[in-house]
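The structure appears right after this line, and notes come after that.
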Amino acid sequence: MRFSRNQPLLDQGYLSQTDEAQVDLLRRLKCERILPYEVADLFYQLRVVRNQATHQYHGTHSEALTTLKIARQLGIWFHRAFSADRTFKPTPFVPPPNPADASRELADELTRLKQDLNASRTEAERARIAAEDRAKELLSAEEKARNVAEEQVIWEQLTS
3 MRFSRNQPLL DQGYLSQTDE AQVDLLRRLK CERILPYEVA DLFYQLRVVR NQATHQYHGT
63 HSEALTTLKI ARQLGIWFHR AFSADRTFKP TPFVPPPNPA DASRELADEL TRLKQDLNAS
123 RTEAERARIA AEDRAKELLS AEEKARNVAE EQVIWEQLTS
């Protein structure tokens, strides 16, 4: 049984089971020949790579790039299958920037931020030293005042 382009799959009852696992849904749509074999295979590949990345924390830049290409192919199929636009021509695949480049940029930014932190620490250190110096000056002034007061008491005692 094939789907009608004029009637969505949901309206035809193909997607009515809300608790159906994705793998079961894809298998059913493939067995009922609702999805072309090639499309079902792309969904399967996408699901396997996604599961490895999600549950096993496994994946490389190359695998991610391949997965993006698969997802793009599925998007093109979907647009062609369900859109009324018969003139649709997809643009060539444009890969995202290399993450190594982003890593270099991040490393450079991290270095700059560490330098800023060290500079601010130096400023903070200077401020702390200045505050300690002011505190010492205040103590010295208080000591001098105390010494003057003690000397005055001594002179008063001597003169009386």
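Numbering-wise (our numbering), the sequence shown opens with residue 3 and increments by one. From the three backbone atoms N, C-alpha and C, an ideal C-beta is built for every residue, glycine too. Only a predicted model underlies this, so the values are computations on that prediction, with no experimental measurement involved.
Pick from the options that is closest to residue i, judged by C-alpha positions
i, options, result
"S64", "P98, E152, E34 and E40", "P98"
"A102", "D110, V96 and F95", "D110"
"Y46", "Y59, A23 and Q58", "A23"
With 16 other Cβ atoms within 10 Å as the buried cut-off, status of residue i
i, result
"L141", "exposed"
"V90", "Here the sequence assigns Phe to residue 90, which means Val is not the residue at that position. Exposed: under 16 other Cβ atoms inside 10 Å."
"L112", "exposed"
"L28", "buried"
Beta-carbon proximity check, residue i vs residue j, cutoff 7 Å
i, j, result
"V51", "T62", "no"
"L37", "L44", "no"
"P92", "I72", "no"
"R82", "F95", "no"
DSSP three-state assignment for residue i, whether helix, strand or coil
i, result
"S105", "helix"
"R35", "coil"
"N100", "coil"
"H60", "coil"
"T20", "coil"
"T161", "helix"
"R88", "coil"
"F45", "helix"
Closer than 6 Å: residue i CB and nearest the ligand FAD heavy atom
i, result
"K91", "Only the bare structure without any ligand can be found here, which leaves the ligand FAD out of the picture."
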